[in-house]
Each structure stands twice: as C-alpha cells, then as structure tokens.
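Q: The following block contains the structure, expressed as structure tokens.
Protein chains: 2
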Amino acid sequence: MREAYHVELEQLADNLAAMSVQVAEAMERATRSLLEADLGLAEQVISDDAKVDDARAQCEEQAYALLALQAPVATDLRTVLAAIHAAESLERMGDLALHVAKAARRRHPEPVLPDAVRPYFAEMGEIAVKLARQTEQVIKTKDVEAAKTLESDDDEVDDIHRHLFTVLMDREWPHGVAAAVDVTLLGRFYERYADHAVSVAKRMIFVVTGKMPGYGSNEDV
Amino acid sequence: MREAYHVELEQLADNLAAMSVQVAEAMERATRSLLEADLGLAEQVISDDAKVDDARAQCEEQAYALLALQAPVATDLRTVLAAIHAAESLERMGDLALHVAKAARRRHPEPVLPDAVRPYFAEMGEIAVKLARQTEQVIKTKDVEAAKTLESDDDEVDDIHRHLFTVLMDREWPHGVAAAVDVTLLGRFYERYADHAVSVAKRMIFVVTGKMPGYGSNEDV
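Listed in order, the protein sequences are those of chains A and B. Under full-length UniProt numbering, the residues of the first sequence are numbered 1 to 221, in order. Under full-length UniProt numbering, the residues of the second sequence are numbered 1 to 221, in order.
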C-alpha cells in the first residue's frame with residue numbers, strides 16, 4: 001500500500017507539472033498576443049483554456065482516488081491536500097492568462113497598451129512565465145533550491161505592479177480613461193498570476209519533499 | 001465511527017457558517033466605510049481580517065482531523081473536500097472586503113467614489129453581503145431552496161459590474177484617471193466576492209446534502 005501510494009502520488013505530481021507547463025505557455029502566448037496585438041495567439045489561449053480545466057479535474061480525481069483508496073494520514077495526507085490546492089491555483093493561473101488574451105482580442109486590431117507601459121507588461125509577463133516554469137522544474141528535478149528565487153521574482157512583479165500605478169496616477173497620463181482601465185485590470189491579472197505561481201511552487205515543494213517552506217503573508221484573492 | 005463522522009462534520013459546517021457571517025459583516029462594514037468615508041469602520045475591517053484567517057486555518061485543521069481519523073470515502077470524502085474548498089473561498093472573500101476597506105482608508109478623508117457611481121457600489125455591496133448571509137442560512141436551516149436565488153443575485157452583480165465599465169468608458173467621464181483606476185479595482189473586488197460567495201454556497205449545499213448543484217462556468221480567479 002505504501003508503494004502504491006508513492007506511485008500514485010508521483011503520477012499526480014507529474015500531472016501538476018504538466019499543468020504548470022500548460023499555464024506557462026498560456027501566459028507566454030497571452031503576453032505576446034497583448035504586446036503584438038496578435039489575434040491568432042489570443043484565440044489559441046482562449047480555446048486552450050478548456051484543457052487546463054480538464055487537467056485540473058483529472059488531478060482532483062486522482063487525489064480523490066488516492067485519499068479514498070490509500071487513506072493516507074499525517075504528512076502523506078497533507079501532501080495530497082497540497083496537490084489539490086496546487087491544482088486549483090494552476091487552474092486560476094490559466095484563467096488569468098485567458099483574461100489577458102481576452103483583453104487583447106477585445107481591442108484588436110488596436111493595441112491594448114499605450115507604448116509607455118508596454119515594457120512593464122513585457123517584464124511582468126516574462127517573470128510570470130518563469131515562475132510557472134520553475135514550478136515544473138521543482139517537480140521534475142525535486143531540486144528545492146531551484147525554487148528559492150521564487151519569492152524575489154514575485155517581489156519584482158509586485159514592484160512593477162506598484163510602479164504601474166504611479167504611472168497611471170500621474171496627472172500627465174495622456175492615454176485616456178479607457179486605456180487606464182485596461183492597464184489597471186491587466187496589471188492586476190499579472191500580479192495575481194505571479195502570486196498564485198509562488199503559492200503553487202511552495203505547495204509543490206511540499207508535494208515532493210513533505211516539508212512546507214516558510215509562508216509569507218501573500219495576498220491570496 | 002459513522003456517528004463520530006457526522007458530529008465532526010456538523011461542527012465543521014457550523015464553523016463555516018460562522019465564517020460566512022464574519023465575511024458578510026466585513027463586506028457590510030467595508031462598503032459603509034467606502035460609501036461614507038468612515039475611517040473607523042475601515043480600520044475595524046482591516047484589523048478583523050486576521051480572525052477570518054484564523055477561522056480558515058481552524059476549519060482546515062478540523063477537515064484534516066476528519067480525514068485522518070475517519071478516512072471517509074465516496075460522498076463523505078467529497079463532502080470534506082468541499083468544506084476545505086469553501087473555507088478557502090471564504091478566506092478570499094474576507095481578503096476582498098479587506099481590499100475595499102484599504103481603498104477607503106487610502107483616500108480618507110476624501111471619498112473614493114465619485115457620486116455618480118456610489119449607487120452601483122451600494123447595490124453591489126448589498127447583494128454581496130446578502131449572498132454571504134444566504135450561505136449561513138443554507139447551513140443553519142439545511143434549506144437548499146433558500147440558496148436557489150444565489151445565481152440570479154450573482155448575475156445582478158455581474159450586470160452592475162458590466163454597466164460600471166460602460167460608465168467608465170464613456171468619453172464624458174469627468175472624474176479623472178485616478179478615480180477610474182479606483183473604481184475599476186473596486187468593481188472587480190465586488191464581482192469576485194459575489195462569485196466566490198456563489199461557489200461557497202454551492203459547496204455548502206453539497207456539505208449539508210451530499211449533492212452538488214449544477215455548476216455554471218463561473219469565473220474563478
């Protein structure tokens with residue numbers, strides 16, 4: 001039974017790693033669709049989101065089966081519950097990439113972003129994708145050290161996000177209210193994505209090591 | 001063992017009901033602090049949020065204990081997992097009320113909202129609080145019928161939220177970009193709160209009846 005538990009837990013971890021790749025690719029494409037007003041890419045992200053939802057449902061079913069058949073206790077139980085939480089956060093990350101893609105589609109062929117704020121989104125997008133890819137690496141390599149940089153990357157996204165507000169609040173913002181509304185929501189989507197990525201990565205460390213790394217008081221909305 | 005399971009599940013449900021009341025009150029106060037620029041109320045919501053976090057941790061511990069000691073299967077297992085998800089969503093609802101209160105505090109003594117959009121927030125706040133209170137009622141009365149109106153209430157919040165965007169995007173919006181940014185984020189906080197409330201109420205129906213009501217494709221970020 002212990003053997004079966006570990007085989008099943010490994011399969012569950014593999015599926016969570018695959019979900020991390022899915023949502024990393026979704027955010028990569030969504031960011032490109034946003035920066036380059038690429039409608040095809042936006043459509044791809046939008047139609048691919050159902051796959052992320054399916055993957056989450058499958059992870060949950062695996063976790064349910066594991067709980068029902070193996071009735072794990074103590075750390076093993078917490079590990080399975082961490083996997084369920086991780087699957088939920090990964091699905092949300094997919095939803096946030098979807099929101100970015102929908103914004104790109106809504107304004108197409110106009111670009112959503114005024115030129116002045118494009119670099120901020122390019123950078124937030126890059127870090128967000130990197131965070132999701134690190135999650136996959138933590139699982140594949142079980143190298144917890146690789147995940148150490150996660151929090152500082154997330155802090156970087158928070159800094160950019162905050163800076164974006166000072167740009168928006170500047171009395172000289174010349175791009176109008178509609179653009180400001182888009183930028184506000186998009187900034188929030190990236191900030192939430194990065195935050196979820198950190199929480200997923202931490203839960204993954206728990207799934208592969210059985211130990212939870214120290215938790216900051218991350219916003220978790 | 002079945003007896004112990006049901007007693008413990010009932011205690012867990014009671015605690016989730018208490019959390020629903022906490023987050024309903026938080027949103028009620030946060031909305032009043034927003035509408036009346038009431039700093040004291042805002043501070044109260046901000047300092048009370050730690051209690052919601054504690055309540056969530058306690059619910060999770062109860063659920064863990066239930067899983068570890070009773071090893072429920074089939075519907076019983078899904079019920080406990082539904083309770084864990086519900087506790088997570090309730091904590092997020094508390095966070096969203098906290099964000100509203102922080103916005104009120106940030107702009108104090110200035111009002112955050114231009115007069116033109118105050119009625120929208122008054123209404124969204126009222127429905128949001130009502131949704132959270134319905135969740136409590138579902139548990140207390142086990143009256144699933146009472147929860148039937150949830151989805152239409154949530155649709156109402158979505159309608160107001162959408163309408164808010166048409167107000168913002170109007171070329172005549174005379175209140176400047178900073179107010180538009182605040183209104184955009186606040187609108188999103190209410191929309192997310194209502195959405196989480198519906199998902200919690202549905203999970204509660206599952207917790208008290210063992211049956212999941214039909215799920216729409218609610219946004220779930």
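Where is the CB? At the ideal position from N, CA and C, for every residue including glycine.
Using CA coordinates, which residue listed in B/Pro72, B/Tyr190, B/Lys148, B/Phe165 is at the minimum distance from B/Val129?
A: Checked all of B/Pro72, B/Tyr190, B/Lys148, B/Phe165; the closest Cα to B/Val129 is B/Tyr190.
Q: Nearest chain A C-beta to B/Ala147 closer than 8 Å, yes or no?
A: It does not: the Cβ of B/Ala147 has no partner Cβ on chain A nearer than 8 Å.
Q: On a CA-only basis, which of B/Asp170, B/Leu164, B/Arg133, B/Asp76 is nearest B/His185? Give me that one, please.
A: First, the residue type needs correcting, since residue 185 of chain B is Leu and not His in the sequence shown. Comparing Cα-Cα distances from B/Leu185 to each of B/Asp170, B/Leu164, B/Arg133, B/Asp76, the minimum goes to B/Leu164.
Q: Taking any Cβ of chain A, which residues in the segment 198–210 of chain B have a Cβ under 8 Å from it, in chain order?
A: Within the segment 198–210 of chain B, no residue has a Cβ that lies closer than 8 Å to any Cβ of chain A.
Q: If we cut at 8 Å on Cβ distances, does A/Arg56 have a partner in chain B?
A: No, no contact with chain B.
Q: Mind checking if A/Glu8 is an interface residue toward chain B, Cβ cutoff 8 Å exclusive?
A: No, its Cβ sits nowhere closer than 8 Å to a Cβ of chain B.
Q: Does the distance from the CB of B/Glu90 to the CB of B/Ser33 come in under 8 Å?
A: Strictly speaking, residue 90 of chain B in this sequence is Leu, with Glu absent from that position. Against a cut-off of 8 Å, the Cβ pair of B/Ser33 and B/Leu90 comes out as no contact.
Q: Can you tell me which of the three DSSP states A/Glu172 falls into?
A: Here A/Glu172 sits in coil by DSSP.
Q: Rounded to the nearest angstrom, how far is the Cβ of A/Arg203 from that of A/Ala82, given a contact under 8 Å?
A: Confirmed, Cβ separation roughly 4 Å.
Q: At a CB-CB cut-off below 8 Å, which residues of chain A make contact with B/Arg188?
A: Within chain A, the residues near B/Arg188 are Leu185, Arg188.
Q: Give the residues of chain A in contact with B/Val181, contact being defined as C-beta atoms less than 8 Å apart.
A: Here the neighbours are Phe165, Leu168, Met169, Ala180, Val181, Thr184.
Q: Pull up the distance between the alpha-carbon of A/Val80 and that of A/Tyr64, whole angstroms please.
A: If you take the alpha carbons of A/Val80 and A/Tyr64, they lie about 9 Å apart.
Q: Skipping 5 residues on each side, what residues in its chain have a beta carbon closer than 8 Å to that of B/Arg105?
A: Cβ neighbours of B/Arg105 beyond the five flanking positions: Ser33, Leu39, Ala42, Glu43, Ile46.
Q: Tell me whether the segment 119–128 of chain A and the segment 145–160 of chain A touch, counting them as touching only if at least three CB pairs, one residue from each stretch, are closer than 8 Å.
A: They touch, by the three-pair rule.
Q: A/Ala87 and A/Cys59 - do their beta-carbons sit closer together than 8 Å?
A: For A/Cys59 and A/Ala87, yes; Cβs fall inside 8 Å.
Q: Listed in chain order, which residues of the segment 63–81 of chain A have Cβ atoms closer than 8 Å to some Cβ of chain B?
A: Per Cβ criterion, the list reads Tyr64, Leu67, Ala68, Ala71, Val73, Ala74, Leu77, Arg78, Leu81.
Q: Can you check whether the C-beta of B/Val177 is within less than 8 Å of a C-beta belonging to chain A?
A: It does: the Cβ of B/Val177 has a partner Cβ on chain A nearer than 8 Å.
Q: Any idea if B/Leu168 is buried or exposed, counting beta-carbon neighbours within 10 angstroms, 16 or more meaning buried?
A: Buried: at least 16 other Cβ atoms inside 10 Å.
Q: Give the secondary structure of A/Lys211 by DSSP, where H, G and I count as helix, E and B as strand, and everything else as coil.
A: Correct three-state label for A/Lys211: coil.
Q: I'd like to know whether the C-beta atoms of B/Val181 and B/Leu113 end up nearer to each other than 8 Å.
A: No.
Q: How long is the line joining the alpha carbons of A/Gly176 and B/Val177, rounded to whole angstroms?
A: Going from the Cα of A/Gly176 to the Cα of B/Val177 covers about 7 Å.
Q: Suppose you measure from the CA of B/Tyr215 to the CA of A/Glu110; what does that come to, to the nearest Å?
A: Caution is warranted here: a pLDDT of 45 is assigned to B/Tyr215, below 50, making its placement in the model unreliable, and no coordinate value can be reported.
Q: Using a 10 Å radius around the Cβ and a threshold of 16 neighbouring Cβ atoms, would you call A/Gln70 buried or exposed?
A: So A/Gln70 ends up on the buried side.
Q: One question on the structure: do B/Ile139 and B/Ala13 come within less than 8 Å of each other, judged by their Cβ atoms?
A: A contact, by the Cβ cut-off of 8 Å.
Q: Which residues bound the alpha helix (DSSP H) around A/Ala116?
A: Taken as a continuous stretch (DSSP letters only), A/Ala116 belongs to no alpha helix (DSSP H), as it is neither H nor E.
Q: Measure the C-alpha to C-alpha separation of B/Thr75 and B/Gly94 and round it to an integer number of angstroms.
A: Computed Cα separation, rounded: 28 Å.
Q: Taking any Cβ of chain B, which residues in the segment 83–117 of chain A have a Cβ under 8 Å from it, in chain order?
A: The segment 83–117 of chain A vs chain B, Cβ under 8 Å: Ile84, His85, Glu88, Glu91, Arg92, Asp95, Leu96, His99.
Q: Can you grab the Cα-Cα spacing for the pair A/Ala194 / B/Ile205, in whole Å?
A: Near 32 Å, if we compare the C-alpha coordinates of B/Ile205 and A/Ala194.
Q: What does the alpha-carbon distance come out to for the pair B/Glu151 and B/Val198?
A: Computed Cα separation, rounded: 7 Å.
Q: In chain order, which alpha helix (DSSP H) runs of at least 4 residues are fully inside the UniProt domain "PhoU" (122–203) of chain A?
A: Listed in chain order, the complete alpha helix (DSSP H) runs (minimum 4 residues) inside the UniProt domain "PhoU" (122–203) of chain A are 150–169.
Q: Is A/Arg171 buried or exposed, if buried means 16 or more other CB atoms sit within 10 Å of its CB?
A: Looking at its Cβ environment, which holds fewer than 16 other Cβ atoms inside 10 Å, A/Arg171 is exposed.
Q: Using a Cβ-Cβ cut-off of 6 Å (strictly less than) and excluding sequence neighbours within five positions of B/Arg192, which residues of its own chain qualify?
A: The answer, listed in chain order, is Leu96.
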